[in-house]
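Trainee: Structure below; questions to follow.
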Amino acid sequence: MAQNNTSNSVCLKRTRKKLINLLWAALFLFVALALLAYSASCWTSGRSHWEIKDWAVAILSTVLGLTALAAGLYESVTSIRDAFFPSKSRLAKSIRSQLPYPEEAPPVKKMFAMVDKDIMENGVWFDRVAVGREWILGDDAAYIPRIRAVFGRDEIQRRRGWGRQLCVGPMLLGRAVHLGRAQVPGE
């Protein structure tokens, strides 16, 4: 069931879902605005009677405000880049890096179609991770022939509800190591 329709593209949907991170960016930018406004009021007030606590609060609010500003700007830029320019997205870069000749990679639509075809035809979903015959699709993509080792670990998942405890397990989570990087489902 190969689909060339880009509206059903799993990869394209995965990159478009990055727009939700704009909410985190807005939160970071709001915190940055608040901290930097407080910091500005501290630095413009008279500092002649400041104690060490006042200096520490002013410096800390400035550093945290600038850090939150940088995090908000980074998150907003990467979210917009991934959603509106899929050829520059993290997912496209990971697919491109898995190809035998990354510098001669096909256009992003063909790369996404290649992964989508494998996931649609052979994909087994484990929460947000899809395992096909040739590709593993999580936050990044991994080409299965390039995976060097898979390590498993058993976990028991516990939930409480309606006055009782529910245990589900053992649940096997895999760790796929390819080219020195590791990706764990659910982390």
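Numbering of the sequence shown is given in numbering that gives the first Met the number 0, commencing with residue 0 and proceeding in unit increments. Glycine included, C-beta positions come from ideal geometry on N, C-alpha and C.
1) Check alanine 140 in the structure and name its three-state DSSP category.
2) Using only the alpha-carbon positions, how far apart do aspartate 81 and glycine 137 sit?
3) Would you please state the rounded distance, in angstroms, between the beta carbons of glycine 64 and leucine 34? I believe it to be under 8 angstroms.
4) Is it right to say phenylalanine 111 is buried, meaning 16 or more other beta carbons lie within 10 angstroms of its own, or is it exposed?
5) In three-state DSSP terms, what is arginine 127?
6) Grab the span of the alpha helix (DSSP H) containing arginine 89 for me, first residue to last.
7) Thinking just about the alpha-carbon of each residue, which of Arg13, Ile58, Ser78 is nearest to the one in asparagine 20?
8) List the DSSP bridge partners of isoleucine 79.
9) Are cysteine 41 and leucine 90 touching if we call contact CB-CB under 7 angstroms?
10) Looking at threonine 61: is its Cβ nearer than 7 angstroms to the Cβ of serine 75?
11) Work out the CA separation of asparagine 121 and aspartate 115 for me, nearest whole Å.
Mentor: Here's the rundown:
1) In the structure shown, alanine 140 falls within a strand segment according to DSSP collapsed to helix, strand and coil.
2) The straight-line gap from Cα to Cα measures roughly 15 angstroms.
3) Confirmed, Cβ separation roughly 3 angstroms.
4) Classified as buried, phenylalanine 111 has 16 or more neighbouring CB atoms from the shown chains inside 10 Å of its CB.
5) Coil, per DSSP.
6) Segment 89 to 97, the alpha helix (DSSP H) holding arginine 89.
7) Among Arg13, Ile58, Ser78, the Cα nearest to that of asparagine 20 is on Ser78.
8) In DSSP, isoleucine 79 forms no bridge with anything.
9) Result no, Cβ atoms of cysteine 41 and leucine 90 do not sit closer than 7 angstroms.
10) In this structure, the beta-carbon distance from threonine 61 to serine 75 does not fall below 7 angstroms.
11) Each residue's Cα considered, the two are about 10 angstroms apart.
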